[in-house]
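Residue numbers (the numbering used here): 464 to 517. Structure first, commentary second.
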């Protein structure tokens, strides 16, 4: 599985909306994301886990 970098663009209730560096939009439940993820956060999706970069 390939790694992907995302930026959180908005949060609506229990879901974060994000866009990858390749322009792919994604919606993920907040409970799956690392603590501290917020609008503007950079995330790495790798090996079926999310990691907060900034």
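Just so you know, even glycine gets a beta-carbon here, dropped at the ideal spot from N, CA and C.
At the level of alpha carbons, what is the spacing between residue i and residue j?
| i | j | result |
| --- | --- | --- |
| residue 466 | residue 481 | 15 Å |
| residue 503 | residue 509 | 19 Å |
| residue 468 | residue 483 | 6 Å |
Please go through the same chain and pick out, in chain order, the residues whose beta-carbon is closer than 8 Å to the beta-carbon of residue i, but skip the five residues on each side of it.
| i | result |
| --- | --- |
| residue 500 | 471, 479, 493, 506, 513 and 515 |
| residue 473 | 479, 480 and 502 |
Could you name the residues of the same chain whose beta carbon sits closer than 7 Å to that of residue i, not counting the 5 residues immediately before and after it, in chain order?
| i | result |
| --- | --- |
| residue 486 | none |
| residue 497 | 513, 514 and 515 |
Starting from the C-beta of residue i, find all residues in its chain whose C-beta is less than 6 Å away, skip the five residues before and the five after it, and write them out in chain order.
| i | result |
| --- | --- |
| residue 488 | 482 |
Going by DSSP in three states, residue i sits in which element: helix, strand or coil?
| i | result |
| --- | --- |
| residue 496 | coil |
| residue 465 | coil |
| residue 510 | coil |
| residue 515 | strand |
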